[in-house]
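Asks: To start, I am sharing the structure in question, which I have written as structure tokens.
Listed below in structure tokens is the structure:
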């Protein structure tokens with residue numbers, strides 16, 4: 001009780017990216033369990049500017065520095081606060097945690113659980129529900145008598161105190177057992193008849209019961225953290241309570257194994273027959289093709305994606321698919337329904353990450369290693385917004401093996417940022433490299449050209465290689481990505497395994513980088529995308545590195561699409577730049593000299609890529625390969641799009657089977673295997689090295 005004191009004083013409160021940190025007068029009201037703040041001490045007698053209920057809140061010291069901490073209320077609201085020093089932070093954190101624990105326990109004592117009851121889910125629904133209309137005599141859910149077990153007569157339901165987590169775990173085990181029995185009962189039903197295993201209500205029950213068990217496990221984990229904090233006095237510094245990947249082992253529940261049924265293949269259109277009749281790729285020319293950028297035209301395709309209006313109509317398809325999946329299942333070999341597809345290939349999506357080529361080319365114009373690293377981080381963080389074609393989570397086409405995509409960008413040289421006081425085209429004599437001149441002796445154009453090529457180099461595992469270069473600026477980037485997707489209950493996680501390397505040849509620098517994970521959330525309603533995970537950027541020559549965190553939304557409060565990062569000099573461990581904000585909205589860069597820059601990604605100019613017309617593309621170039629699927633999706637003909645997509649996938653399987661039978665290895669066209677990675681066959685660093693050797697010899 002000595003520590004249950006009302007304290008007050010000034011703290012800094014983070015408001016938003018524009019306003020930043022502001023001093024506010026805070027008051028801890030222990031009796032009411034409230035944290036209130038005012039503009040200043042003089043306005044304390046007025047109505048508070050803000051109030052947080054502390055019951056159920058989580059107080060967490062930040063690992064950013066020794067002064068900052070957060071108050072995450074059970075309502076989802078969050079205060080990010082900063083004290084004047086570490087001692088004052090500890091004083092506030094300890095008092096807030098004591099008040100929070102006191103009021104949380106008081107709520108638990110005054111609100112015991114509801115009495116156990118047995119009920120039928122059928123009675124909860126309305127008489128006008130589709131299930132009742134179809135089967136007035138027998139509801140699919142009530143058929144299985146889903147309900148709570150009655151406790152023995154006279155046995156009281158215990159109040160859930162923090163030390164009763166063992167009882168909670170036992171109850172959850174019982175729930176898991178009931179869920180397994182439910183799934184078995186559904187799967188034992190006949191495939192046809194009055195009540196079948198494919199009934200829409202039952203498919204919904206299977207999908208949501210799995211998600212419910214996952215949710216219960218997350219909540220149980222939170223209870224454990226809160227119990228640990230009560231025993232130790234506080235959560236460990238930097239602890240974040242967030243949704244976790246499933247820990248409960250839901251044994252092999254889903255064994256239907258039935259593949260999705262498609263309409264009989266009759267009266268196929270000529271385009272489908274053409275897709276199935278294209279010769280074995282290795283029998284076509286696999287020699288690399290030099291694409292002339294002058295043949296490419298500015299892309300006029302509408303890149304924006306429509307919303308998923310078909311979700312409600314296709315819900316039974318989604319539920320049937322979900323009922324076949326298990327938590328943690330690798331989705332690489334799972335055929336997803338066509339209506340959730342974007343109208344572009346994954347290879348083209350990688351190209352769209354380059355939609356700000358002016359920022360890419362400007363990297364090499366940095367006057368110092370520090371500035372070049374910061375410029376690369378700025379470019380890297382601005383690339384993801386345009387790579388996504390809307391807020392709705394749609395899936396690009398899975399590239400088939402041997403598929404390629406070519407494009408380029410042109411931007412006026414005047415649009416590319418240069419270093420203050422330097423000319424963007426100026427190089428020191430020791431750095432200047434003369435590449436072969438245009439045979440026609442044309443004058444140097446007033447624009448830069450960035451060329452891009454991507455190829456699907458492997459089918460299992462699915463690996464893509466992509467390469468981009470700007471010859472005029474002696475820079476290029478080479479990367480390979482293996483996409484691993486997993487089913488996480490009500491979301492899908494995609495891990496992008498691989499590495500990219502940016503080469504700044506005039507400086508002799510190489511920057512290695514990785515890519516974040518992506519998550520499709522709320523896949524049963526309106527799916528949306530968020531990025532998550534930590535990525536690193538390193539330059540071994542200069543000793544500069546960057547650490548970037550893409551934050552998934554925490555369970556308590558927090559913002560969507562948040563990203564933080566810092567650039568540091570490894571030798572001195574000095575942070576030279578910090579970044580925070582949202583990767584699809586506004587980014588704030590704070591530099592070591594105290595300057596701050598805001599980048600609004602929604603207002604950044606986008607350079608349209610240039611692509612060859614379809615008639616000039618090869619049969620395995622993405623847009624020509626998928627043109628009939630794309631046209632059908634654009635026309636809203638899902639059945640026709642599915643038929644074309646299935647024809648391409650069947651052809652790929654047949655070719656793979658033939659190669660296995662004849663022991664014929666796959667021949668890549670543009671990328672060569674290099675250890676665990678893939679490298680473009682004719683990278684700029686080889687061309688420049690050859691040119692330098694030729695100059696030396698002459």
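In UniProt numbering, the protein residues as written are 1 to 698.
Quick reminder that beta carbons are idealized off the backbone N, C-alpha and C, glycines included.
1. Please classify residue 575 as buried or exposed, where buried requires at least 16 other C-beta atoms within 10 Å of its C-beta.
2. By Cβ distance, which residues of its chain are closer than 8 Å to residue 491, with the 5 residues on each side in sequence left out?
3. What does DSSP give as the partner residues of residue 101 in its beta bridges?
4. Which residues in the same chain have their Cβ closer than 6 Å to the Cβ of residue 67, if we skip the five residues on either side of it in sequence?
5. Just to confirm before moving on: does the CB-CB distance between residue 52 and residue 28 stay below 8 Å?
6. How big is the Cα-Cα spacing for residue 37 and residue 585?
7. Nearest to residue 643 by alpha carbon, out of 352, 653, 624, 629?
8. Buried or exposed: where does residue 406 fall if 16 or more other Cβ atoms within 10 Å of its Cβ makes it buried?
9. Rounded to a whole number of angstroms, what is the C-alpha to C-alpha distance between residue 597 and residue 578?
10. Around the Cβ of residue 100, are there at least 16 other Cβ atoms within 10 angstroms (buried) or fewer (exposed)?
11. Opposite residue 518 in the DSSP bridges: which residues?
12. Alpha carbon to alpha carbon, how far is residue 465 from residue 605? Give it in angstroms, no decimals.
13. Can you look up residue 569 in the DSSP assignment and give me helix, strand or coil?
14. Does the separation of the CB atoms of residue 376 and residue 591 fall below 8 Å?
15. Quick check: what's the CA-CA separation for residue 573 versus residue 549?
16. Do the CB positions of residue 287 and residue 625 come within less than 8 Å of each other?
17. Residue 554 and residue 535: beta carbons closer than 8 Å?
18. Would you check if the distance between the CB atom of residue 478 and the CB atom of residue 688 is smaller than 8 Å?
19. Quick one: what's got a C-beta closer than 8 Å to residue 677's C-beta in the same chain, skipping five residues either side?
20. Starting from residue 405 and walking both ways along the alpha helix (DSSP H), at which residues does that stretch end?
21. Less than 8 Å separating the beta-carbons of residue 712 and residue 648?
22. What does the alpha-carbon distance come out to for the pair residue 186 and residue 203?
23. I believe residue 7 touches residue 55 by the beta-carbon criterion, under 8 Å. Please report the beta-carbon distance rounded to the nearest angstrom.
24. Taking DSSP as the reference, what is the three-state secondary structure of residue 587?
25. With distances taken from CA atoms, which of 378, 395, 352 is nearest residue 341?
26. Within a Cβ cutoff of 8 Å, which residues of the same chain sit near residue 20, ignoring the five residues on either side of it in sequence?
27. Which residue spans inside the segment 34-61 form an unbroken beta strand (DSSP E) run of at least 3?
28. Count the other CB atoms, across all protein chains shown, that sit within 10 Å of the CB of residue 46; report buried if there are 16 or more and exposed otherwise.
29. Please report how far the alpha carbon of residue 485 lies from the alpha carbon of residue 461, in whole angstroms.
30. Pick helix, strand or coil for residue 640, following the three-state DSSP scheme.
31. Exposed or buried, what is residue 356 when buried is set at 16 or more other beta-carbons lying within 10 Å of its beta-carbon?
32. Is the segment 343-356 touching the segment 601-615, taking contact as three or more C-beta pairs under 8 Å?
33. Can you give me the C-alpha to C-alpha distance between residue 560 and residue 190, rounded to a whole angstrom?
34. Can you name, in chain order, every residue of its own chain whose Cβ lies under 7 Å from the Cβ of residue 23, other than the five neighbours on each side?
35. Using only CA atoms, which one of 192, 195, 210, 205 lies nearest to residue 176?
36. Would you please state the rounded distance, in angstroms, between the beta carbons of residue 683 and residue 476? I believe it to be under 8 Å.
Replies: Per the coordinate set shown:
1. Position 575 of the chain shown, counted from the first residue, corresponds to residue 575. Answer is exposed; the Cβ neighbour count stays below 16.
2. Numbered from its first residue, the chain shown carries residue 491 at position 491. For residue 491, the CB contacts under 8 Å within the same chain, skipping 5 residues up- and downstream, are 519, 520, 521, 522, 523 in chain order.
3. Stepping through the chain shown from its first residue, residue 101 is reached at position 101. Beta bridge pairing from DSSP links residue 101 with no other residue.
4. Within the chain shown, numbered from 1, the residue matching residue 67 stands at position 67. Here the set comprises 82, 83, 89.
5. To locate residue 52, count along the chain shown from 1; it is residue 52. To locate residue 28, count along the chain shown from 1; it is residue 28. Their beta carbons are not under 8 Å apart, which means residue 52 does not touch residue 28 by this criterion.
6. By one-based count along the chain shown, residue 37 stands at place 37. By one-based count along the chain shown, residue 585 stands at place 585. Residue 37 and residue 585: Cα-Cα distance of roughly 29 Å.
7. By 1-based counting over the chain shown, the position of residue 643 is 643. Measuring from the Cα of residue 643, the nearest candidate turns out to be 629.
8. Within the chain shown, the letter at position 406 stands for residue 406. The residue is buried, with at least 16 neighbouring Cβ atoms inside 10 Å.
9. Indexing the chain shown from 1 puts residue 597 at position 597. Indexing the chain shown from 1 puts residue 578 at position 578. For residue 597 and residue 578, the distance between alpha carbons rounds to 11 Å.
10. Counting from one through the chain shown, the residue named residue 100 turns up at place 100. Label assigned to residue 100: buried.
11. Looking up residue 518 in the chain shown gives position 518. Partner(s): 494, 531.
12. Start at 1 with the first residue of the chain shown, and residue 605 comes out as number 605. Start at 1 with the first residue of the chain shown, and residue 465 comes out as number 465. When rounded, the distance between both Cα atoms is 27 Å.
13. Working through the chain shown from its first residue, we reach residue 569 at position 569. Reduced to three states, the DSSP call for residue 569 is strand.
14. Within the chain shown, the letter at position 376 stands for residue 376. Within the chain shown, the letter at position 591 stands for residue 591. Against a cut-off of 8 Å, the Cβ pair of residue 591 and residue 376 comes out as no contact.
15. In the chain shown, counting from the first residue as 1, residue 573 sits at position 573. In the chain shown, counting from the first residue as 1, residue 549 sits at position 549. For residue 573 and residue 549, the distance between alpha carbons rounds to 18 Å.
16. The sequence position of residue 287 within the chain shown is 287, counting from 1. The sequence position of residue 625 within the chain shown is 625, counting from 1. No, the Cβ-Cβ distance between residue 287 and residue 625 is not below 8 Å.
17. Taking the chain shown and counting its residues from 1, one reaches residue 554 at position 554. Taking the chain shown and counting its residues from 1, one reaches residue 535 at position 535. Against a cut-off of 8 Å, the Cβ pair of residue 535 and residue 554 comes out as no contact.
18. Position 478 of the chain shown, counting from 1, holds the residue named residue 478. Position 688 of the chain shown, counting from 1, holds the residue named residue 688. For residue 478 and residue 688, no; Cβs fall outside 8 Å.
19. Sequence index remark: in the chain shown, residue 677 carries index 677 (1-based). In chain order, 480, 498, 499 place their CB closer than 8 Å to the CB of residue 677, counting only its own chain and leaving out the 5 sequence neighbours on each side.
20. By one-based count along the chain shown, residue 405 stands at place 405. Element bounds for residue 405: not the alpha helix (DSSP H) but the beta strand (DSSP E), 404-412.
21. Not covered by the structure: residue 712. The range shown for the chain is 1 to 698.
22. Position 186 of the chain shown, counting from 1, holds the residue named residue 186. Position 203 of the chain shown, counting from 1, holds the residue named residue 203. Taking the straight line from one Cα to the other gives about 9 Å.
23. What you label residue 7 is simply residue 7 of the chain shown in a count that begins at 1. What you label residue 55 is simply residue 55 of the chain shown in a count that begins at 1. Not confirmed; about 18 Å, so no contact.
24. On the chain shown, residue 587 is found 587 positions in, with the first residue counted as 1. In the structure shown, residue 587 sits in a strand (DSSP, three-state: E or B).
25. Counting from 1 along the chain shown, the entry for residue 341 is found at position 341. Among 378, 395, 352, the Cα nearest to that of residue 341 belongs to 395.
26. Taking the chain shown and counting its residues from 1, one reaches residue 20 at position 20. Closer than 8 Å at Cβ, skipping near neighbours: 14.
27. Correct list: 34-38, 50-53, 58-61.
28. If you number the chain shown from 1, residue 46 lands on position 46. When all chains shown are included, residue 46 counts as exposed.
29. Position 485 of the chain shown, counted from the first residue, corresponds to residue 485. Position 461 of the chain shown, counted from the first residue, corresponds to residue 461. The alpha-carbon atoms of residue 485 and residue 461 are separated by roughly 11 Å.
30. Here residue 640 corresponds to residue number 640 of the chain shown, with the count starting at 1. In this structure, residue 640 counts as helix in the three-state DSSP scheme.
31. As a first step, residue 356 must be located in the chain shown, where it is residue number 356. Burial check for residue 356: the Cβ neighbour count within 10 Å reaches 16 or more, so the residue is buried.
32. They touch, by the three-pair rule.
33. Here residue 560 refers to the residue found at position 560 when the chain shown is read from its first residue. Here residue 190 refers to the residue found at position 190 when the chain shown is read from its first residue. Distance between residue 560 and residue 190, taken at the CA atoms: about 44 Å.
34. Here residue 23 corresponds to residue number 23 of the chain shown, with the count starting at 1. Excluding sequence neighbours, residue 23 sits near 10, 12.
35. Residue mapping note: residue 176 aligns to position 176 of the chain shown, counting from 1. Ranking 192, 195, 210, 205 by Cα distance to residue 176 puts 210 first.
36. Indexing the chain shown from 1 puts residue 683 at position 683. Indexing the chain shown from 1 puts residue 476 at position 476. Correct: roughly 6 Å between the Cβ atoms.
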